[in-house]
Structures are given as C-alpha cells and as structure tokens.
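Taking this note's numbering, the leading residue of the sequence shown gets 1, the next gets one more, and so forth.
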Amino acid sequence: MDLGISGRRAVVCGGSKGLGRAAARALAREGAVVTLFSRSIEALKVTQRELSEETGATINIVAGDVTTEDGRKALLDAQPNADILITNPGVRQTPDPFGTITRDMWDYWMQAHFYSSLELIQAYVPGMCERKFGRIVSLSVSFIKFPQVGFAHTHAARVALSGAIAAIVREVIPNNVTINTVCPGLIDTDALQTNLHGHAKRGNTTYEAIVEDRLKGCPAHRFADPQEVGDLIGFLCANQSGFITGQNIINDGGVYQGLF
Ligand SMILES: NC(=O)c1ccc[n+]([C@@H]2O[C@H](COP(=O)([O-])OP(=O)(O)OC[C@H]3O[C@@H](n4cnc5c(N)ncnc54)[C@H](OP(=O)(O)O)[C@@H]3O)[C@@H](O)[C@H]2O)c1
C-alpha cells in the first residue's frame, strides 16, 4: 500500500535507535524526507547512513536533548516545517516507590514525558494547519491504560499527555491534522533489555527468569520486533489515515484485556 507521503517532511524524535529508528525506517521507505533527532551524534550518523543506504530517502540529523528547551529549539531551527511529527521522549522509565517520589522527581518526569512532546506538538501544529496536512504520532506505553506499581510519576505524565492530545484533536482535524498515540507493550529494543536486567537485579533473580515471567503474561508469548511498532506509526502517518485521530492504540500482543 502506498501511504501517499513521498516528499513529506518528517521529524522523528528518539530516531537513532529502537522504536524511533523503526518509525523513521517506515517513513523513509515511503519516500518521506526524514529528520532524526536524539542526543548522540555518533549514533545519529550510523542510523542516517543505514537508512539512506537502505531506502534511498534523504535523512537529516539533529543532535539535542528533547527534554530541554535548547534541545527542542535546535530541532525547530533545523526543521521548522514538519508535515509529520513522531514525538518520543526516548527517556527510559524507571520505578520508584510512591512514598519516595519528591516534587522534583514529579517535575522531572513531567519534563521528560509530558512537556518534551507537548511543546513540539504546539510548535509544529500551526504550520501543519496552515498547509492543511499534518500527522502526529505520540509514542507512549501500553501501561497508560493500566498504570503499574512503581511508575506513578512517569505514567501520570504520559496519561496527562494523552489527555491534552484528546482535547486538542478536535481543534486541528478541520485542517487535516491528526494526532494519535501509539502504546506499545514489550518490544525488543535496547531499552527493554536494560529494563529487564534492572528488574532482575532489583528482584534478586536472573534475567532469564524475568524474561520467562514477562512472556507468561503475554498471550503472544514473545516480544515484538521494533518494526511492528514502526510500521503501525507509518500507517498512522499515511495520507489515507486522515479520519483516525485522538486514539490511544495498544500494540502489546494481547496483554491489555480491556474492551476500550
Ligand atoms: N521498548 C519497549 O518495550 C517500549 C514499550 C513501550 C514504550 N516504550 C517507550 O518508548 C520510548 C523509546 O523506547 P525504545 O525502546 O525505542 O528506547 P531506545 O532503544 O533506548 O531508544 C531511545 C531513543 O531515544 C533517544 N533519546 C533518549 N533520551 C533522549 C533525550 N533526552 N533527548 C533526545 N533523545 C533521547 C536515544 O538516543 P540518545 O540516547 O543518543 O539520545 C534513542 O535514539 C521510551 O520512552 C520507552 O519508555 C518502549
């Protein structure tokens, strides 16, 4: 299926690795002009070379920290007119017992998992509305539908982001601008590996035991390949996807059991 986005300008946050890289790959395959944004310039250069060799698409890179105003400004200066925006805080969520979460920690996670995405959405939406085309995908986590013990701070920030998006979408859809949230479960990236090793260490058990436990809880009995999320994001950015907006779409192999 041709997604009809050849030549569209796409910005992909956290684009050098994992889910961001997979989203960038899906968009580049469709001929979008992709700007990858993350911190390490070395990692960006590697992904730039790999994706441009594989797809023939133009891949630009910008280095910066998405959780800071300076970082986001560097991105906006380099690509002020995106047609497609993939927000992805990149920052890996780590657990803390509720009783130990200080005001500074709540503020940190709001910066990392709320403002980092919201402020880019706010900056790019006016141009998208003017040009009558915009596709925004916010990369979140399946747990916004069933928040987990130990993750009150990060899950609260991500739920707040989905709430803000839900209020924004009806303002912008008349201009053919959509915003959807993708909520992955267990996807086999560096971040997942690090998380599982962390869980094993904290639980005084082995990595293999943690993997077995996670797979037991997943009806698909596997971790997904990052491209399974990347291609879903690509589809939501299609020209044909202009009637889908404000959705929080789970991609987790059947873990979430809710009807809605
Ligand atoms: N993998 C999963 O199972 C899974 C499931 C659900 C949700 N998620 C969420 O999806 C997001 C991406 O996860 P992933 O698995 O793709 O992680 P990953 O493989 O570690 O990739 C993270 C990407 O984000 C960039 N990044 C990290 N911190 C950044 C910052 N402060 N500013 C700019 N870029 C930054 C990284 O590059 P640099 O380090 O060079 O900046 C890298 O390109 C995370 O928020 C994660 O919580 C992951």
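Ideal Cβ positions, reconstructed from N, Cα and C, are used throughout, including at glycine.
Give me, in chain order, the residues of the same chain whose beta-carbon lies closer than 8 Å to that of Asp268; leave out the 5 immediate sequence neighbours on both sides. Nothing can be reported for residue 268: it is not among the residues displayed for the chain, which extend from 1 to 260.
From the DSSP output, read off the bridge partner residues of Leu36. Val12, Ile61
Determine the contact status of Ile61 and Leu75, defining contact as a CB-CB distance below 8 Å. no
Candidates His197, Gly56, Gly185, Val149: closest to Cys218 by CA position: Cα-wise, what sits closest to Cys218 is Gly185.
Helix, strand or coil: how does DSSP classify Arg170 here? Residue state, collapsed to three classes: helix.
DSSP state of Pro226, grouped into three classes? helix
Does the segment 32 to 52 come close enough to the segment 3 to 16 to have 3 or more Cβ pairs within less than 8 Å? yes
If you pair each beta-carbon of the segment 144 to 164 with each one of the segment 124 to 133, do three or more pairs fall below 8 Å? These segments do not touch.
Would the beta-carbon of Cys13 be found less than 7 Å away from any heavy atom of ligand 1? yes
Following the continuous alpha helix (DSSP H) through Val125, name the residue where it begins and the one where it ends. 116 to 131
From this set, Leu51, Val177, Ala157, which residue's C-alpha is nearest Tyr115's C-alpha? Ala157
Return the CA-CA distance between Asn251 and Ser117, expressed in angstroms with no decimal places. Taking the CA atoms as reference points, Asn251 sits about 20 Å from Ser117.
Go ahead and label Asn82 buried or exposed: buried means 16 or more other beta carbons lie within 10 angstroms of its beta carbon, across all protein chains shown. First, the amino acid is wrong: residue 82 is Ala here, not Asn. With 16 or more Cβ atoms within 10 Å of its Cβ, Ala82 is classed as buried.
Excluding the 5 residues flanking His197 on each side, which residues of the same chain have their C-beta closer than 6 Å to its C-beta? Tyr207, listed in sequence order.
Exposure of Thr87, with buried meaning 16 or more beta-carbon neighbours within 10 Å: buried
Cα-Cα separation, Asn248 to Cys183: 6 Å
Hey, is Gln227 close to ligand 1, as in C-beta under 7 Å from one of its heavy atoms? no
Since Ile210 and Ala200 are thought to touch, with beta carbons under 8 Å apart, how far apart are those beta carbons, to the nearest angstrom? Distance from Ile210 to Ala200 at the Cβ level is roughly 5 Å; contact confirmed, criterion being Cβ atoms closer than 8 Å.
May I ask you to list the residues that DSSP assigns as paired with Pro184? Asn251
Cα separation between His113 and Leu19? 16 Å
When burial is assigned at 16 or more other CB atoms within 10 Å of the CB, is Lys261 buried or exposed? Since the first residue shown for the chain is 1 and the last is 260, residue 261 is missing from the structure and cannot be characterised.
Can the beta-carbon of Ile41 be found closer than 8 Å to that of Leu51? no
Is the beta carbon of Ala57 sitting closer than 8 Å to the one on Gly31? yes
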